[in-house]
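Peer 1: The structure follows.
This is the structure in structure tokens:
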């Protein structure tokens, strides 16, 4: 499928998050949530998403930080887990854009908030992970990330906040997210609707502030690219 996607007022949406950072990929939660992790999930399982931040002829970008919009559902106590995180050249699956090569990985222990309301109510939170000078490869500057869990100590489920196609404010999303069952990677979406059917996990990616000029140059441009 081919789709034309505008830069979505990047000039307005990519102001510095701090004096030292500029947003190059961003969206927000307007499409529910997806919670694939629980206490029975194997540490081999991964779920991930991807996108791109270039025009096709862009110079490589140095990245400083990523924020993941996560959610817990159904927890009766505050729990914890080791978050197995990896950053990639495009989708970790290698089935969308980019080689899928792992550029960096880390393990971060995070708290899992209990549900404040009923057993089906979500509790949204954000996890920020510093990226140690990871550099994209230029061109479309494909980016991707994957997440697994280990030492899961929680009686609820954990997953991702979801953004629709209309909620992308910087960078470009891919229609499909990816999953790894311990043996094979595959792709999935949430249905055929072009707005709400996309599997677009809520994520913000930052570069150093001096790169802002290159990001702002994207404003008003249209990028036509095949999405899977």
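Numbering (this note's numbering), first residue to last: 987 to 1214.
Glycine included, C-beta positions come from ideal geometry on N, C-alpha and C.
The model shown is predicted, which means the values in this text are computed figures rather than measured ones.
#1: Of the choices 1127, 1119, 1073 and 1054, whose alpha-carbon is the least far from that of residue 1046?
#2: Closest to residue 1098 by C-alpha separation, out of 1122, 1056 and 1041, would be which residue?
#3: Does the Cβ of residue 1169 have 16 or more other Cβ atoms within 10 Å, making it buried, or fewer, making it exposed?
#4: What's the C-alpha gap between residue 997 and residue 1012?
#5: Thinking C-beta only, is residue 1009 closer than 8 Å to residue 1166?
#6: Secondary structure at residue 1132, three-state DSSP: helix, strand or coil?
#7: Just how far apart, CA to CA, sit residue 1052 and residue 1042?
#8: Under a three-way DSSP split, which group does residue 1139 fall into?
#9: Leaving out five residues on either side along the sequence, give the residues of the same chain with a beta carbon under 7 Å from the beta carbon of residue 1015.
#10: Quick one: using the 10 Å Cβ neighbour count with 16 as the cut-off for buried, is residue 1108 buried or exposed?
#11: Helix, strand or coil for residue 1185 per DSSP?
Peer 2: This is what the structure gives:
#1: The shortest C-alpha separation from residue 1046 is found at 1127.
#2: Nearest neighbour of residue 1098 by Cα position, chosen from 1122, 1056 and 1041, turns out to be 1056.
#3: That one is exposed.
#4: Residue confidence for residue 997 is low, a pLDDT of 33 falling below 50, so the modelled location carries little weight and cannot support an answer.
#5: Against a cut-off of 8 Å, the Cβ pair of residue 1009 and residue 1166 comes out as no contact.
#6: In the three-state reduction of the DSSP assignment, residue 1132 falls in the strand class.
#7: Residue 1052 and residue 1042: Cα-Cα distance of roughly 22 Å.
#8: Reduced to three states, the DSSP call for residue 1139 is strand.
#9: Only 1055, 1110, 1147, 1148, 1149 and 1188 meet the Cβ criterion.
#10: Buried.
#11: Secondary structure of residue 1185 (DSSP, three-state): coil.
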